[in-house]
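The next block holds one structure in the form of structure tokens; read it before the comments.
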Amino acid sequence: MKWLLTTFCCFTSGISLLKMKVTRGKGAVKKDKNEVVKPVEDRAAGKRKAVLKASRSSNKRTKNVKSAKKDPNKPKRPPSAFFVFLEEFRKVYKQEHPNVKAVSAVGKAGGEKWKSLTDAEKAPFEAKAAKRKLDYEKLMTAYNKKQESTEDEDEEESEKSKSEVHDDDDDEELEEEDEEEDDD
DNA sequence: TTGCTGATTGTTTTG
DNA sequence: CAAAACAATCAGCAA
């Protein structure tokens, strides 16, 4: 009954809900319970859970960020082919399993399915992921520039940029994936 | 109320 | 080179 919760939130304050959506749930992962430095067990074993735990637990974005400081403008890493595939897979999975609400379920199913896919099948996903990566690099460049700008100054991207940069939100033209090669 | 957690693999990043 | 971390999702639970 998530509706209850949702309704509850809405009832109390819809603003909160908005925030939740924005955060999406990626904000975090904090908490350090065990820092196990285990070697690459190997995905085949299928027990990378420990590693995962460590990863989540470590979590550097929320607190304790010595090397990388929290950058609100820092672009997020591009989704891997697997993630791209997952995005679509999730939809299908939900359709076939509307009762399943656990994210882990989709993850497992997606993982197995992914393995089942062949290079040819993964090709389109990889292509998309590759494109995503290109954009990521571009964003990174812009981000780097910002870094230089905000190197010491407290300039938070605002003034000068406005004049030159025009609003940008819909400037996304990346719908050109015509690279379909069926060489078979 | 609000954020974390779980589970998947791949890519990115840093040491 | 290698290991670690982080990318999305969604509902449920805990502080």
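full-length UniProt numbering numbers the first residue of the first sequence as 1 and each following residue consecutively.
C-beta: ideal position from N, C-alpha, C; glycine also.
In angstroms, rounded to a whole number, what distance separates the CA positions of residue i and residue j?
i: Y143; j: V84; result: 24 Å
i: K108; j: E126; result: 20 Å
i: L139; j: K133; result: 10 Å
i: K113; j: K146; result: 40 Å
i: N73; j: K131; result: 20 Å
i: E88; j: T141; result: 29 Å
i: K33; j: S104; result: Bear in mind that the predicted position of K33 carries a pLDDT of just 31, short of 50, making it too unreliable to give a figure here.
i: R77; j: P124; result: 19 Å
i: L117; j: P98; result: 23 Å
i: A102; j: E96; result: 14 Å
Applying the criterion that 16 or more other CB atoms from any shown protein chain within 10 Å of the CB defines a buried residue, is residue i buried or exposed?
i: A120; result: exposed
i: V92; result: exposed
i: K128; result: buried
i: R24; result: With a pLDDT of 34 at R24, under the threshold of 50, the modelled position of this residue cannot be trusted; read the value that follows with caution. So R24 counts as exposed.
If you drop the 5 nearest sequence neighbours on each side, which residues of the same chain put their C-beta closer than 6 Å to that of residue i?
i: K122; result: A81
Could you please give the first and the last residue of the uninterrupted alpha helix (DSSP H) stretch that includes residue i?
i: A109; result: 103-116
i: K74; result: No alpha helix (DSSP H) contains K74, which DSSP labels as neither H nor E.
i: V84; result: 81-96
Within this structure, are the beta carbons of residue i and residue j separated by less than 7 Å?
i: V106; j: R90; result: yes
i: Y136; j: P79; result: no
Who are the Cβ neighbours of residue i in its own chain at under 7 Å, not counting the five residues just before and after it?
i: L86; result: G110
i: K115; result: none
Taking 8 Å as the limit between beta carbons, can you name the residues of its chain near residue i, skipping five residues before and five after?
i: K94; result: V100, V106
i: S158; result: Because S158 sits at a pLDDT of 40, beneath the cut-off of 50, its placement in the model cannot be relied upon, and the following sentence gives the value as read from the coordinates. For S158, where only same-chain residues beyond five positions count, there are no Cβ hits under 8 Å.
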